[in-house]
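To get our numbering, take the position in the sequence shown, counting from 1, and add 927.
Ideal placement from N, C-alpha and C gives every residue a C-beta, glycine not left out.
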Amino acid sequence: MQECSLPYIPVRLHQQNKLNINQFEVGEFLYRRCNELELENPFATITLTELSHNRGGFNENILCNPEDVLFSIREEEEFEKYDKVVCSLRIRDLNKDNGYKKEYNEVKNNQTISCTIELFHEPEPCMYPHCVFRIKLGDVIVIFDNNKQTLKNYNIIRNSLREELASMIVKRQVSQNDNP
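Right under this line is the structure:
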């Protein structure tokens, strides 16, 4: 396992052999950096592929602060923090295993295509709270390189995904100690 070698990243954010936390909590915050003009809904115009966030943790196990998502964790970048703002999301519901996975369907050309969006905790060496929303169309993981051949063809699913993510956005400043 690779260790974090960026001196400006607080040690509390280093992965350092910590285990993945595969369950989430209702009320848990997720943080995403975006441009200030996109703060109202950063998902409105972006390409829907794997979407990186930081998970905040919950109650006694706080994993990060909102502004931690602004740290650059790439050694090739020549700056420490992004000049962006933080968009906060709050998990509203989970499945029986405390996972986040939702399915959407669209009928096109008399065929039903299924799409899932699932949240995974995927720590990075310099960012233990890193997580991703992963989108699969059928059995294909949607990435930037295949978006035009996959998800871009399904407007109903894309709109549903955008609405789902937008519904999680917290419209006011909150802290981990606020009641969900």
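Excluding the five sequence neighbours on either side, which residues of its own chain have a C-beta within less than 8 Å of the C-beta of residue i, listed in chain order?
i: L975; result: I1062, V1069, N1074, L1078, R1085, L1088, R1089
i: M1095; result: L957, L1016, R1017, I1018, R1019
i: D1066; result: none
i: R977; result: The residue asked about is misnamed: residue 977 is Glu in this sequence, not Arg. Contacts found: V1059, F1060, R1061, I1062, I1068, V1069, I1070.
For residue i, which residues of its own chain have a beta-carbon under 6 Å away from its beta-carbon, when the five flanking residues on both sides are left out?
i: Q942; result: P1050, P1052, Y1055
i: L933; result: C1053
i: C931; result: H941, P1052, C1053
i: I1083; result: E1033
Could you tell me how far apart the beta carbons of residue i and residue j are, in whole angstroms, since I believe they sit closer than 8 Å?
i: L1064; j: V953; result: The pair is not a contact, with the Cβ atoms about 27 Å apart (cut-off 8 Å).
i: N1048; j: N944; result: The residue asked about is misnamed: residue 1048 is His in this sequence, not Asn. The pair is not a contact, with the Cβ atoms about 15 Å apart (cut-off 8 Å).
Can the beta-carbon of residue i be found closer than 7 Å to that of residue j?
i: S979; j: V1059; result: yes
i: C1014; j: L966; result: yes
i: E955; j: F985; result: yes
i: E987; j: Y935; result: no
i: Y1027; j: F951; result: yes
Tell me the rounded alpha-carbon separation between residue i and residue j.
i: Y1031; j: T1043; result: 6 Å
i: P1107; j: N1080; result: At P1107, the pLDDT of 46 sits below 50, so the modelled position is not reliable; the number obtained from the coordinates is stated separately. Approximately 36 Å between the Cα atoms of the pair.
i: V938; j: Q929; result: 14 Å
i: C961; j: E1033; result: 29 Å
i: G983; j: I1040; result: 33 Å
i: T972; j: N947; result: 31 Å
i: C991; j: N1037; result: 46 Å
i: F1071; j: I989; result: 31 Å
i: H1057; j: K1011; result: 17 Å
i: Q1076; j: V1097; result: 32 Å
i: V996; j: K1023; result: 28 Å
Are any of the Cβ atoms in chain C nearer than 7 Å to that of residue i?
i: L966; result: The chain labelled as chain C is not found in the depicted structure, where only one protein chain is given.
Which same chain residues, not among the five before or five after residue i, have their C-beta less than 7 Å away from its C-beta?
i: L1092; result: F970
Checklist line | Start-end ranges of the beta strand (DSSP E) lying completely within the stretch 995-1048, minimum 3 residues | finding: If we require 3 residues or more, the beta strand (DSSP E) runs fully inside the stretch 995-1048 come out as 1012-1017, 1028-1035, 1038-1048.
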